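**Q**
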Amino acid sequence: MLDMKWIRENPDAVKENIRKKFQDEKLPLVDQLLILDEENRRSITEASELRAQRNTLSKQVGMLMGQAKKDPSKLEEAEAVKAKVKANADQLAELEKREGELEEEIHHILMVIPNIIDPSVPIGPDDSANVEKERFGEPLVPEFEIPYHTEIMERFHGIDMDAAGRVAGNGFYYLVGDIARLHEGVLAYARDFMIGKGFTYCIPPFMIRRNVVEGVMSQTEMDAMMYKIEGEDLYLIGTSEHSMIGRFIDQILPEDSLPQTLTSYSPCFRKEKGAHGLEERGVYRIHQFEKQEMIVVCKPEESMGWYEKMWRFSVELFRSLDIPVRQLECCSGDLADLKVKSCDIEAWSPRQKKYFEVCSCANMGDAQARRLKIRVKGADGKNYLPHTLNNTVVAPPRMLIAFLENNLEADGSVRIPAALRPYMGGAGVITPKR
RNA sequence: GGAGAUGUCGCGUAGCUGGUCGAGCGCGCACGAUUGGAAAUCGUGUAUACCCCAAAAGGGUAUCGAGAGUUCGAAUCUCUCCAUCUCCGCCA
Numbered sequence: 017m018l019d020m021k022w023i024r025e026n027p028d029a030v031k032e033n034i035r036k037k038f039q040d041e042k043l044p045l046v047d048q049l050l051i052l053d054e055e056n057r058r059s060i061t062e063a064s065e066l067r068a069q070r071n072t073l074s075k076q077v078g079m080l081m082g083q084a085k086k087d088p089s090k091l092e093e094a095e096a097v098k099a100k101v102k103a104n105a106d107q108l109a110e111l112e113k114r115e116g117e118l119e120e121e122i123h124h125i126l127m128v129i130p131n132i133i134d135p136s137v138p139i140g141p142d143d144s145a146n147v148e149k150e151r152f153g154e155p156l157v158p159e160f161e162i163p164y165h166t167e168i169m170e171r172f173h174g175i176d177m178d179a180a181g182r183v184a185g186n187g188f189y190y191l192v193g194d195i196a197r198l199h200e201g202v203l204a205y206a207r208d209f210m211i212g213k214g215f216t217y218c219i220p221p222f223m224i225r226r227n228v229v230e231g232v233m234s235q236t237e238m239d240a241m242m243y244k245i246e247g248e249d250l251y252l253i254g255t256s257e258h259s260m261i262g263r264f265i266d267q268i269l270p271e272d273s274l275p276q277t278l279t280s281y282s283p284c285f286r287k288e289k290g291a292h293g294l295e296e297r298g299v300y301r302i303h304q305f306e307k308q309e310m311i312v313v314c315k316p317e318e319s320m321g322w323y324e325k326m327w328r329f330s331v332e333l334f335r336s337l338d339i340p341v342r343q344l345e346c347c348s349g350d351l352a353d354l355k356v357k358s359c360d361i362e363a364w365s366p367r368q369k370k371y372f373e374v375c376s377c378a379n380m381g382d383a384q385a386r387r388l389k390i391r392v393k394g395a396d397g398k399n400y401l402p403h404t405l406n407n408t409v410v411a412p413p414r415m416l417i418a419f420l421e422n423n424l425e426a427d428g429s430v431r432i433p434a435a436l437r438p439y440m441g442g443a444g445v446i447t448p449k450r
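Just so you know, we're using this note's numbering here: the first sequence kicks off at 17 and counts up by one.
(1) For the segment 247-310, list the beta strand (DSSP E) runs that are entirely contained and at least 3 residues long, ordered along the chain.
(2) Helix, strand or coil for L351? Go by DSSP, reduced to three states.
(3) Taking the beta strand (DSSP E) that D360 falls in, what are its first and last residues?
(4) Is the separation between the beta-carbon of L49 and that of I23 shorter than 9 Å?
(5) Rounded to a whole number of angstroms, what is the C-alpha to C-alpha distance between P221 and A105?
(6) In the DSSP output, which residue or residues are listed as bridge partners for F223?
(7) Please say whether T279 and Q308 have beta carbons closer to each other than 9 Å?
(8) What does DSSP give as the partner residue(s) for V490 in the beta ladder?
(9) Is there contact here, the segment 252-265 with the segment 222-240, by at least three beta-carbon pairs under 8 Å?
(10) So, at 6 Å on beta carbons, what are the nonlocal neighbours of G293 in its own chain, with the 5 sequence-adjacent residues on each side left out?
(11) Just confirm the distance between the C-beta atoms of G201 and M440, as a whole number of angstroms; I'd bet it's less than 8 Å.
(12) Between T404, E373 and D338, which lies nearest to L388 when the distance is taken from Cα to Cα?
(13) Please list, in chain order, all residues of the same chain as L203 whose beta carbon is under 7 Å from its beta carbon, the five residues on each side excluded.
(14) Under a Cβ-count criterion, where at least 16 other Cβ atoms within 10 Å of its own Cβ denotes burial, should P141 be classed as buried or exposed?
(15) Out of I432, E362, N423 and R335, which has the shortest C-alpha to C-alpha gap to G153?
(16) Could you check the C-alpha separation between A109 and E246 for me, to the nearest Å?
(17) Buried or exposed, going by whether 16 or more other CB atoms sit within 10 Å of the CB of Q343?
(18) Taking the continuous beta strand (DSSP E) assigned at S376, which residues delimit it?
(19) What do you get for M17, buried or exposed, if any count of 16 or more other CB atoms within 10 angstroms of its CB means buried?
(20) Taking the runs of the beta strand (DSSP E) that are 3 residues or longer, which of them lie wholly in the segment 102-165?
(21) Rounded to whole angstroms, what's the CA-CA distance from R391 to M241? Just pull it up for me.
(22) Cβ of V313 within 9 Å of Cβ of F372?
(23) Alpha carbon to alpha carbon, what distance is there between A96 and D249?
(24) Could you tell me which of E92, R151 and K98 sits nearest to E345, measuring between CA atoms?
(25) Among the residues of its own chain, which have a CB less than 8 Å from the CB of C284, if the five just before and after it don't count?
(26) With DSSP collapsed to three states, give me the class of Y400.
(27) According to DSSP, simplified to helix, strand and coil, what is I211?
(28) Which residues bound the beta strand (DSSP E) around L344?
(29) Less than 8 Å separating the Cβ of E62 from some heavy atom of the ligand NAP?
(30) Under the rule that 16 or more other beta-carbon atoms within 10 Å means buried, what is A68, buried or exposed?
(31) Could you check whether R367 and I164 sit closer than 9 Å to each other, using their CB atoms as the reference points?
(32) To the nearest angstrom, report how far apart Y400 and P433 are at their CA atoms.
(33) My guess is that K75 and L351 are in contact by the Cβ rule of under 8 Å, so how many angstroms apart are they, rounded?
(34) Keeping to the same chain, check which residues put their C-beta closer than 7 Å to that of K369; ignore five residues upstream and five downstream.
(35) From the DSSP secondary-structure annotation, give me the bridge partner or partners of R216.
(36) Buried or exposed for S64, please, with buried defined as at least 16 other CB atoms from any protein chain shown within 10 angstroms of its CB.
Written out as structure tokens, the structure is:
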């Protein structure tokens with residue numbers, strides 16, 4: 017979400033940015049917005065004047081009423097003034113209604129106009145134009161065949177999709193034994209990894225109210241993702257970012273509390289409506305998963321520095337688990353409207369012989385803060401908008417796919433990298449059941 | 001979940017028989033005076049958003065948990081919601 021004032025002064029830059037994002041259909045919105053803004057400001061001025069009039073007249077009534085206690089003839093005068101105010105009431109009501117409409121229309125358009133992308137973002141229409149920036153670790157393909165991830169899990173008696181289907185339906189899973197432990201081990205390791213980087217561990221609410229949901233996503237996104245609790249004003253979060261960033265809505269933060277570097281854990285619930293459905297077998301795309309996330313709220317001038325650090329944390333973590341990864345930068349057309357710059361960390365799949373997304377790191381600039389009215393009280397006493405960023409640390413069980421495929425041995429056992437051993441009871445390897 | 005109480009400008013409070021209350025007082029904070037320096041004292045100031053104004057100065061509107069209503073006019077009255085506290089119930 018951009019600043020209306022800024023758009024007013026830089027409509028061409030806004031249009032240029034829309035073109036760069038291949039959203040030409042939104043170009044007319046800019047001029048439309050400028051017209052609406054003009055009208056809105058006119059009606060605000062007009063309505064303010066009417067209110068000012070009403071306020072002074074009402075004060076007169078008060079005075080007259082006071083005098084009327086001594087001099088009853090003043091009562092008539094007071095009634096006359098009252099009538100005068102009433103006469104203007106309709107006009108004001110109408111203006112107020114129009115004001116409301118205009119504001120809504122403007123807000124609606126502002127939500128749709130994309131954030132100004134960073135000059136470094138590669139230009140391209142869609143995800144096919146995303147750019148591989150760097151690889152970390154050798155993407156090896158072993159001699160032996162790597163089975164599908166659920167098959168690896170089954171060898172450990174580690175997954176029961178059939179029962180999950182009967183109990184909860186498609187898109188759910190039972191993780192069992194070593195695989196379940198591995199799942200939690202990865203989360204615990206990721207948590208400690210981030211704490212080691214100076215982040216503050218945080219467990220947020222897993223359900224949030226509608227007004228918070230509306231703050232953090234659009235209606236369309238909401239319909240496609242969020243589960244609602246029947247009979248309550250509560251929704252299951254799709255990621256901890258929802259409740260984490262919700263924590264700051266409408267708040268004015270003291271400057272010395274920045275940067276806020278948080279790492280949050282939560283289960284995530286997603287309908288995945290309209291996505292690729294749940295066609296992908298296994299635990300790649302599911303209704304429920306768990307995630308360790310990183311969230312940063314910082315001064316504007318520091319956000320790019322944090323962005324670099326954050327995606328590198330993901331790389332470091334995956335490398336410490338012997339998983340080859342690459343950084344894939346989102347091109348302009350694939351960048352979500354709120355984001356200034358973002359990249360995915362993709363893990364190597366020796367089975368598919370390609371990389372697949374495991375982390376998504378984004379710098380939102382001040383757009384999210386503006387939308388949610390998150391402000392910082394500066395040293396000079398003035399408030400300003402901070403920048404917000406987020407990135408995945410790990411999101412198992414999807415992350416387990418990368419882990420199992422890359423650490424599988426020819427004999428069917430799975431190596432446990434040194435970093436993870438403390439979370440697996442010290443084991444250096446886990447072996448299949450049969 | 002049941003009963004009661006409460007929610008005011010950073011904090012603590014006054015106001016809550018509707019007008020002179022955007023809001024008094026104390027603390028805190030900032031600046032100034034005083035001082036060799038400090039403490040103390042005195043003085044001044046101390047929210048957010050938006051609109052008008054080229055800008056500054058200045059002016060205006062809105063905000064007393066949130067929303068709606070009554071009224072010429074609401075911090076003050078009514079309703080709904082939210083939160084907090086106390087007691088009871090129920091559970092990890």
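Glycine residues also receive a C-beta, built at the ideal position from the N, C-alpha and C atoms. None of these values were measured; they are calculated from a predicted model.
**A** Judging by the given coordinates:
(1) Qualifying beta strand (DSSP E) stretches, in chain order: 268-270 and 276-285.
(2) coil
(3) Segment K357 to S365, the beta strand (DSSP E) holding D360.
(4) Taking 9 Å as the Cβ cut-off, L49 and I23 qualify as a contacting pair.
(5) 45 Å
(6) The residue asked about is misnamed: residue 223 is Met in this sequence, not Phe. According to DSSP, M223 bridges with L252.
(7) Yes, they are a contact pair.
(8) Absent from the structure is residue 490, since the part of the chain shown begins at 17 and ends at 450.
(9) yes
(10) Summary for G293: the model assigns pLDDT 48, below 50, so the residue's position carries little reliability; its value from the coordinates is reported in the next sentence. Excluding residues within five positions, none has a Cβ falling inside 6 Å.
(11) 5 Å
(12) T404
(13) Y281, E306, Q308, V410 and P412
(14) exposed
(15) R335
(16) Taking the straight line joining both Cα atoms gives about 37 Å.
(17) buried
(18) K370 to N379
(19) Buried.
(20) 147-152
(21) 28 Å
(22) no
(23) Cα-Cα distance, rounded: 48 Å.
(24) R151
(25) I253, G254, T255, S256, Q304, F305, E306, K307 and A411
(26) strand
(27) helix
(28) V341 to E345
(29) Ligands displayed in this structure: none; no statement on the ligand NAP is therefore possible.
(30) Sixteen is the threshold: since fewer than 16 other Cβ atoms of the shown chains lie within 10 Å of the Cβ of A68, the residue is exposed.
(31) Going by the sequence as given, residue 164 is Tyr instead of Ile. Remark: C-beta atoms of Y164 and R367 approach each other more closely than 9 Å.
(32) 45 Å
(33) K75 to L351, Cβ: 54 Å. No contact.
(34) V157
(35) First, the residue type needs correcting, since residue 216 is Thr and not Arg in the sequence shown. Per DSSP, L278.
(36) Counting Cβ neighbours within 10 Å, S64 comes out exposed, since fewer than 16 surround it.
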